[in-house]
Amino acid sequence: MHKTSSRLLALLSLLQTRRDWSGEDLAERLDITPRTVRRDIDRLRELGYPIMAFKGPSGGYSLDAGTQLPPLLFDDDQAVALALALQTAATGTALAEDAARALATIQQVMPPRLRHRMDTMRITSVHPPGIGEAPQVDAQVLTDLSTAIHTHEELRFDYAADGTATAGQRRRAEPHHLVTRHGRWYLLAWDLDREDWRTFRVDRIRPRTPTGPRFMPRELPDGDVAAFVMSRFRGLDGTTTEWPCQGEVVLNLPATAVAPFAQDGIVEELGTDRCRLTLGSWSWTGLAATIGRFDTDIEVIGPPELNDAFAHLATRYVNAVRNTTPS
């Protein structure tokens, strides 16, 4: 009985690794006869695994999708990787509660050797500065959006753009991708009314039913979803991820003191108490103000527009002091 059970697990593991197997290949890999393969396939079907048979010189089998989720089989590395992924998802993401329940289910059935490996891997989620708790997202909304993306169906939904309205604005869009950024979910879609690409916060979307007609998917500029979304979050047109304004300065601070606050800038050490900072922004004045947060002397390397922006800010600050009413 033990030998048969081990063979069934080995057979199931093979069926999960690729789309289809011939009966002869399975028999050779398991060192059994094709007749035994057929009997073991029948046993797995009785356990709820939807295994399809296909015709051919020697016949073959594939593991199909079923109406119910049967028991799954993972090797040690797969089980640990899945548990780590769930642990990451369970620390501050929008689906934290569901991920935590799934993680608890997996840990409950883990053998001691794997549970020990998991106990040595504890993950703490640290949010970037200025990022609050990720808003809760309805799993059904994610499912509905994913389905519309897969089937290329036009979405009709209410959107609370400011996050406070209960009804929100009625929108129509051709969904393209679901994206996560800093723990938040976004829908990247072509806005039919504004005739442009838009990113929508998923926690502010309330889908309407039924969905609209099918559409032919549009091509993203450059075809790179990650680069396009990053570009849009930087206030650009989606064709480039480079900041429109990028400058270089030298700060009289050690690189270790600047790097934690440099966002996506580049910090180069020039000595124990000096560093070079290359940083970008959507305006020269904004870039100068950002660099001015560092409490030290600043040497502008370039370009001239950044130097002009510092001069403009200096004049503005001097005027602010002059206009201050004495207390």
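Residues in the sequence shown are numbered from 431 upward in steps of one, following my numbering.
Glycine included, C-beta positions come from ideal geometry on N, C-alpha and C.
Would you list the residues sitting across from residue i in a DSSP beta bridge?
i: Gln-599; result: Tyr-589
i: Ala-619; result: Pro-605, Arg-628
i: Glu-672; result: None, per the DSSP bridge assignment.
i: Tyr-491; result: Trp-451, Ala-483
i: Thr-610; result: Trp-615
i: Leu-681; result: Cys-705, Ile-728
i: Ile-579; result: According to DSSP, Ile-579 bridges with nothing at all.
i: Arg-644; result: Glu-583
Buried or exposed for residue i, please, with buried defined as at least 16 other CB atoms from any protein chain shown within 10 angstroms of its CB.
i: Leu-477; result: exposed
i: Arg-624; result: exposed
i: His-546; result: exposed
i: Ile-731; result: exposed
i: His-742; result: exposed
i: Gly-653; result: exposed
i: Ile-696; result: exposed
i: Val-467; result: buried
i: Leu-441; result: buried
i: Ala-694; result: This sequence places Asp at residue 694; Ala is not what is there. By the neighbour-count rule (16 or more Cβ atoms within 10 Å), Asp-694 is not buried but exposed.
i: Gln-517; result: buried
i: Pro-690; result: exposed
i: Ala-750; result: exposed
i: Val-679; result: buried
i: Pro-643; result: exposed
i: Trp-701; result: The sequence shown places Gly at residue 701, rather than the Trp named in the question. Exposed, because fewer than 16 other Cβ atoms sit within 10 Å of the Cβ of Gly-701.
i: Val-567; result: buried
Determine the direct distance from the alpha carbon of residue j to that of residue i, and round the result to whole angstroms.
i: Asp-626; j: Leu-617; result: 14 Å
i: Leu-439; j: Thr-708; result: 56 Å
i: Thr-715; j: Met-548; result: 49 Å
i: Pro-541; j: Ser-436; result: 16 Å
i: Ala-591; j: Arg-634; result: 7 Å
i: Ala-656; j: Arg-662; result: 10 Å
i: Arg-636; j: Gln-570; result: 11 Å
i: Thr-497; j: Arg-611; result: The predicted model places Thr-497 with a pLDDT of 44, which falls under 50 and marks its position as unreliable; any figure quoted below should be read in that light. Roughly 33 Å separates the two Cα atoms.
i: Val-632; j: Leu-622; result: 18 Å
i: Asp-450; j: Lys-485; result: 12 Å
i: Arg-602; j: His-582; result: 13 Å
i: Cys-649; j: Asn-753; result: Note that residue 649 corresponds to Glu in the displayed sequence, not to Cys. Computed Cα separation, rounded: 53 Å.
i: Phe-645; j: Glu-584; result: 7 Å
i: Ala-692; j: Trp-712; result: 15 Å
i: Leu-493; j: Ala-532; result: 23 Å
i: Leu-544; j: Asp-506; result: 7 Å
i: Pro-647; j: His-607; result: 11 Å
i: Val-609; j: Ile-579; result: 12 Å
i: Arg-459; j: Ala-513; result: 29 Å
i: Ser-443; j: Tyr-479; result: 12 Å
i: Asp-727; j: Val-659; result: 35 Å
i: Tyr-589; j: Leu-575; result: 14 Å
i: Tyr-491; j: Asp-461; result: 17 Å
i: Cys-705; j: Ile-721; result: 13 Å
Can you tell me whether residue i sits near the ligand SAH, meaning its C-beta is under 7 Å from at least one heavy atom of the ligand?
i: Asn-753; result: The ligand SAH is absent from the structure shown, which contains no ligand whatsoever.
Which residues mark the beginning and the end of the beta strand (DSSP E) in which residue i is found?
i: Gly-710; result: 705-711
i: Ile-728; result: 728-732
i: Ile-462; result: Neither: Ile-462 is in no beta strand (DSSP E) and is coded neither H nor E.
i: Val-697; result: 696-699
Counting along the chain, where does the alpha helix (DSSP H) carrying residue i start and finish?
i: Ile-635; result: Counting along the chain, Ile-635 falls outside any alpha helix (DSSP H), though it belongs to the beta strand (DSSP E) covering 635-637.
i: Arg-547; result: 542-549
i: Arg-723; result: Note, Arg-723: premise wrong, no alpha helix (DSSP H); not H, not E.
i: Ala-692; result: Unbroken run through Ala-692: none, as it is neither H nor E.
i: Arg-662; result: 655-663
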